[in-house]
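S.K.: Reading the sequence shown from the start, the letters are residues 1 to 320 in the UniProt record's numbering. In this text, a Cβ means the ideal position worked out from N, Cα and C, and glycines have one as well.
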Amino acid sequence: MTFPASTSRSAQAASEAEQSGVRHGVGISFGTFGELLQGALPGLDQDFLVTLPILRRSTARLTLLPGTGELRVQPEHKHKSLRIARSVLACHGMAPSGRLVVTSQLPEGKGMASSSADLIATIRATGRAIGRRVTPRTAEAFLRPIEPTDGLMYRDVVAFYHRRVELYRCLTAPPALTIVGVDEGGQVDTVSFNATRPPITAGEQREYSRLLDLLAVALAGGDLATVGQVATRSAQMNQARCPKRYLDRLRHVCRQVGGLGVVVAHSGTVLGILISNDDPGYAGKIADAKTACHELAGNVSIDYTADPISVLRRTRISVG
1 MTFPASTSRS
11 AQAASEAEQS
21 GVRHGVGISF
31 GTFGELLQGA
41 LPGLDQDFLV
51 TLPILRRSTA
61 RLTLLPGTGE
71 LRVQPEHKHK
81 SLRIARSVLA
91 CHGMAPSGRL
101 VVTSQLPEGK
111 GMASSSADLI
121 ATIRATGRAI
131 GRRVTPRTAE
141 AFLRPIEPTD
151 GLMYRDVVAF
161 YHRRVELYRC
171 LTAPPALTIV
181 GVDEGGQVDT
191 VSFNATRPPI
201 TAGEQREYSR
211 LLDLLAVALA
221 GGDLATVGQV
231 ATRSAQMNQA
241 RCPKRYLDRL
251 RHVCRQVGGL
261 GVVVAHSGTV
271 LGILISNDDP
281 GYAGKIADAK
291 TACHELAGNV
301 SIDYTADPIS
311 VLRRTRISVG
């Protein structure tokens, strides 16, 4: 078989790179728009969250260059990504030598899991560079010594013990939703927040347990109205810990436009209105919500959940 010249040149370049010991790997991780639910279950060390994966993402590109003597990261402040790349390489007996470049569509300090997405993308890029598949459970083990982490190593919506970096339960594939969001400004350091957050009472733990059970049934049955109600209740309960000054007014906007409910970053600055992609009045509701949100906060964003259909339609990437 004769390949086109460009294809044969690419294959030759790849072969030469392999022979010289140069290795390349690219990894991505979706972010999340806050959490559908976050709190604690009855018992000790039962803090959990429920992810809401969105299409905005982080991308890591790793080039291993033997003989350069060190591994560098760009931008330089992504030191946690550098640390985890070194950990993965050390685990497989590889020298940390080359260049790691991390880019992200996720703003930092907003509650959109920018740090978690950077780290998971880096783990995936490193695994691909050395020819090793990294499972979600393996990713948890690498992440655990670094920081509390969202469960973005799983494609599904999951209930995740973020402080212990451990899966609690997989719920379902992300529902097809659009989030019309606002940002209250500033930044929240998630690590510091988790260390100083006021305690969750036993009564609240029981309610969070009830809400999680309700959410699991609603997601499994496609009951998006109940999903929105649970997200709104979680946002209300979180006001005692990381208050959102726009929450009440955004709930009013949600009712006016006919949204499903309100979702917030429980340790961040963003909050938004949930609207089903299958809503017959979708276009009008999105337009009305955008106008009202901009009038409220002076800014507005549109995010789409990483449900299977949206991933196929809006991206050409593999997240495994």
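Alpha helix (DSSP H) containing residue 26: first to last residue?
M.R.: That residue, residue 26, is in no alpha helix (DSSP H); its beta strand (DSSP E) goes 23–40.
S.K.: For residue 65 versus residue 22, is the C-beta spacing smaller than 8 Å?
M.R.: Going by C-beta atoms, residue 65 is nearer than 8 Å to residue 22.
S.K.: Excluding sequence positions up to five away, which residues of its chain have a Cβ less than 8 Å from the Cβ of residue 209?
M.R.: 41, 42, listed in sequence order.
S.K.: So residue 170 is in the beta strand (DSSP E); what residue range does that whole segment cover?
M.R.: Looking at the DSSP string, the run of the beta strand (DSSP E) that includes residue 170 is 166–172.
S.K.: Going by DSSP, which residues form a beta bridge with residue 160?
M.R.: BP columns for residue 160 point to 49, 167.
S.K.: Which residues does DSSP list as the beta-bridge partners of residue 303?
M.R.: Answer by DSSP bridge pairing, in chain order: 179.
S.K.: Starting from the C-beta of residue 142, find all residues in its chain whose C-beta is less than 7 Å away, skip the five residues before and the five after it, and write them out in chain order.
M.R.: Same-chain partners within the cutoff: 84, 87, 88, 123.
S.K.: Specify, as a first and last residue, the run of the alpha helix (DSSP H) that residue 267 falls within.
M.R.: Residue 267 -> no alpha helix (DSSP H), and no H or E assigned at all.
S.K.: Check residue 134 in the structure and name its three-state DSSP category.
M.R.: In the structure shown, residue 134 sits in coil (DSSP, three-state: anything other than H, G, I, E or B).
S.K.: Can you check DSSP and say which residues form a bridge with residue 61?
M.R.: Per DSSP, 26, 101.
S.K.: Can you look up residue 44 in the DSSP assignment and give me helix, strand or coil?
M.R.: If DSSP states are grouped into helix, strand and coil, residue 44 belongs with coil.
S.K.: With DSSP run on the structure shown, which of helix, strand or coil describes residue 146?
M.R.: Correct three-state label for residue 146: coil.
S.K.: Using the Cα positions of residue 116 and residue 150, report the straight-line distance between them to the nearest angstrom.
M.R.: Going from the Cα of residue 116 to the Cα of residue 150 covers about 6 Å.
S.K.: Please confirm whether residue 45 and residue 163 have their CB atoms less than 8 Å apart.
M.R.: Taking 8 Å as the Cβ cut-off, residue 45 and residue 163 qualify as a contacting pair.
S.K.: Alpha carbon to alpha carbon, what distance is there between residue 175 and residue 134?
M.R.: Spanning the two alpha carbons is a distance of roughly 26 Å.
S.K.: Can you find the residues in the same chain that come closer than 8 Å, C-beta to C-beta, to residue 198, ignoring five residues on each side of it along the sequence?
M.R.: The answer, listed in chain order, is 240, 241.
S.K.: Measure the beta-carbon distance from residue 184 to residue 269 and round it to whole angstroms, keeping in mind my assumption that it falls under 8 Å.
M.R.: So it is a contact: roughly 5 Å between Cβ atoms.
S.K.: Return the first residue and the last residue of the alpha helix (DSSP H) that residue 255 is part of.
M.R.: Per DSSP, residue 255 belongs to the alpha helix (DSSP H) from 247–257.
S.K.: Closest to residue 266 by C-alpha separation, out of 104, 280, 245, 255, would be which residue?
M.R.: Of the listed residues, the one whose Cα sits closest to residue 266 is 245.
S.K.: For residue 74, which beta-bridge partners are listed by DSSP?
M.R.: The partner list for residue 74 (beta bridge, DSSP) reads 101.
S.K.: Excluding the five sequence neighbours on either side, which residues of its own chain have a C-beta within less than 8 Å of the C-beta of residue 80, listed in chain order?
M.R.: Answer for residue 80: 115, 118, 119, 146, 147, listed in chain order.
S.K.: Going by DSSP, which residues form a beta bridge with residue 261?
M.R.: Looking at the DSSP assignment, residue 261 forms a beta bridge with 274.
S.K.: Starting from residue 217, follow the alpha helix (DSSP H) in both directions and report where the run begins and ends.
M.R.: That run of the alpha helix (DSSP H) goes 202–221.
S.K.: Quick one: using the 10 Å Cβ neighbour count with 16 as the cut-off for buried, is residue 276 buried or exposed?
M.R.: Buried, by the Cβ-count rule.
S.K.: Helix or strand or just coil, what does DSSP make of residue 155?
M.R.: If DSSP states are grouped into helix, strand and coil, residue 155 belongs with coil.
S.K.: What residue range is occupied by the uninterrupted alpha helix (DSSP H) comprising residue 295?
M.R.: Residues 282–297.
S.K.: DSSP has residue 54 in a bridge; who is on the other side?
M.R.: BP columns for residue 54 point to 31, 305.
S.K.: Whole angstroms are fine: how far does the CA of residue 259 sit from the CA of residue 285?
M.R.: Distance between the alpha carbons of residue 285 and residue 259: 7 Å.
S.K.: Is it buried or exposed for residue 305, if we count other Cβ within 10 angstroms and need 16 for buried?
M.R.: The residue is buried, with at least 16 neighbouring Cβ atoms inside 10 Å.
S.K.: Give the secondary structure of residue 279 by DSSP, where H, G and I count as helix, E and B as strand, and everything else as coil.
M.R.: Coil, per DSSP.
S.K.: Among residues of its own chain, excluding the 5 on either side of residue 62, which ones have a beta-carbon nearer than 6 Å to its beta-carbon?
M.R.: Excluding sequence neighbours, residue 62 sits near 25, 100, 125, 126, 129.
S.K.: Please classify residue 309 as buried or exposed, where buried requires at least 16 other C-beta atoms within 10 Å of its C-beta.
M.R.: Exposed, by the Cβ-count rule.
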